[in-house]
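Asker: Handing you this structure, nothing more for now.
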Amino acid sequence: MQKKLKVVAASVVLFSLSACGLLPEQADETKGWSATKLYSEAKEELAGQHYERAIQLFEKLEASYPFGVYAQQAQMEVAYAYYKAQDQAQALAAVERFIKLHPNHPNVDYMYYLRGLINFNDQIGLLNFIYEQDPAERDPKATREAFAAFKALVDKFPNSKYTPDAIDRMKYLINAMATYEVYVSRYYYRRGAYLAAANRAQDAIRDYRDSPSIEEALWIMIRSYDKLGNVTLRDDALRVFKLNYPNSKFLDEGAPKPERRWWKFWG
């Protein structure tokens, strides 16, 4: 009986192996496609928002024609496709790879711009942090990285067609970073951490002096020094405040409690 079972088992294995050989291999529909056709099909998939398929075709193009005229363009398109697919890590990796491999490419300025856009898109998530996380524990890393990326573009390619938009986004990011610092400062103040509130407000004033948020930052410093009993620093800050914001609503309200949402600094 045991011998019969061994024979049956061996037969099953042999049949499985032979059956595998009989099954046709999965056909590669792109086999034999020219670089032009691969690129055309990939662009069509990209336009149709089929990002995964577009990425596959662009990568196939680069692998099949690594020295052709389309290879470098495919690398750029892959980065953009990952960006549109909201895969930040892969998009940034593709951007960094292109910049490293082709630092003198005529369109490398676009990749610097795209690097900024990828981080800029991610920093929008800051709008939700009030509801999701203690603001004192949140580090707006993406905001700073987006600013640094746009600044690199502006510094290296001041005449790029992407530079004006990058500058506008940098202004927005400066205000966003300043507003965040003031929000954290206000957070500390409301919880009685007056020294931390004053220090955070001072950082905002030092780093983002052109932001509209500086008015509130300076007022928080005044209130914090008052709570700490430091009359000299309070009076110095108040003198500067009245000089720069003589008609400030904070002077009437007596406390830094604006009703507007923190990100609505442009309103």
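As numbered in mature numbering (1 follows the signal peptide of the UniProt record, and there is no 0), residues -21 to -1, 1 to 246 make up the sequence shown, in order. Even for Gly, the Cβ is constructed at its ideal location relative to N, Cα and C.
Mind checking whether A125 and L152 have CB atoms under 7 angstroms apart?
Answerer: Taking the sequence shown and counting its residues from 1, one reaches residue 125 at position 146. Taking the sequence shown and counting its residues from 1, one reaches residue 152 at position 173. Yes, Cβ-Cβ distance for A125 and L152 is below 7 angstroms.
Asker: For Q65, name the three-state secondary structure that DSSP assigns.
Answerer: By 1-based counting over the sequence shown, the position of residue 65 is 86. Here Q65 sits in coil by DSSP.
Asker: Using the Cβ count rule (16 or more neighbours within 10 Å means buried), how would you classify T158?
Answerer: For this step, residue 158 is matched to residue 179 along the sequence shown. T158 should be labelled buried.
Asker: Which value, in whole angstroms, describes the spacing of the CA atoms of K228 and R170?
Answerer: Working through the sequence shown from its first residue, we reach residue 228 at position 249. Working through the sequence shown from its first residue, we reach residue 170 at position 191. Cα to Cα, K228 sits roughly 23 angstroms from R170.
Asker: How should G11 be labelled, buried or exposed, when 16 other C-beta atoms within 10 angstroms of its C-beta is the threshold for buried?
Answerer: Taking the sequence shown and counting its residues from 1, the one referred to as residue 11 is at position 32. The residue is exposed, with fewer than 16 neighbouring Cβ atoms inside 10 Å.
Asker: Using CA atoms only, rank isn't needed, just tell me which of R94, P82, N83 and P85 is closest to V57.
Answerer: Within the sequence shown, numbered from 1, the residue matching residue 57 stands at position 78. The shortest Cα separation from V57 among R94, P82, N83 and P85 belongs to R94.
Asker: So what's R94 in DSSP terms, helix, strand or just coil?
Answerer: Along the sequence shown, one-based indexing puts residue 94 at 115. In the three-state scheme derived from DSSP, where H, G and I count as helix and E and B as strand, R94 is classed as helix.
Asker: Output needed for A73: all residues of its chain with C-beta closer than 8 angstroms, excluding positions within five of it in sequence on either side, in chain order.
Answerer: Position 94 of the sequence shown, counting from 1, holds the residue named residue 73. So the list reads Q54, V57, A58 and Y61, once near-sequence residues are dropped.
Asker: Whole angstroms is fine: what's the gap from N107's alpha carbon to L132's?
Answerer: Working through the sequence shown from its first residue, we reach residue 107 at position 128. Working through the sequence shown from its first residue, we reach residue 132 at position 153. With a pLDDT of 46 at N107, under the threshold of 50, the modelled position of this residue cannot be trusted; read the value that follows with caution. A straight-line Cα-Cα distance of about 28 angstroms links N107 and L132.
Asker: Do you know how far the Cα of R185 is from the Cα of K63?
Answerer: Position 84 of the sequence shown, counted from the first residue, corresponds to residue 63. Position 206 of the sequence shown, counted from the first residue, corresponds to residue 185. When rounded, the distance between both Cα atoms is 36 angstroms.
Asker: If I'm right that F37 touches A21 with Cβ under 8 angstroms, what's the distance once you round it to whole angstroms?
Answerer: Sequence index remark: in the sequence shown, residue 37 carries index 58 (1-based). Sequence index remark: in the sequence shown, residue 21 carries index 42 (1-based). That pair is a contact at about 5 angstroms.
Asker: Among the residues of its own chain, which have a CB less than 7 angstroms from the CB of A33, if the five just before and after it don't count?
Answerer: Taking the sequence shown and counting its residues from 1, one reaches residue 33 at position 54. Excluding positions up to five away in sequence, the list reads A21, E24, L25 and A60.
Asker: Helix, strand or coil: which one does DSSP assign to Y18?
Answerer: What you label residue 18 is simply residue 39 of the sequence shown in a count that begins at 1. Reduced to three states, the DSSP call for Y18 is helix.
Asker: Are the beta-carbon atoms of A176 and Y167 separated by less than 7 angstroms?
Answerer: Here the question's residue 176 lines up with position 197 in the sequence shown. Here the question's residue 167 lines up with position 188 in the sequence shown. Cβ atoms of A176 and Y167: closer than 7 angstroms.
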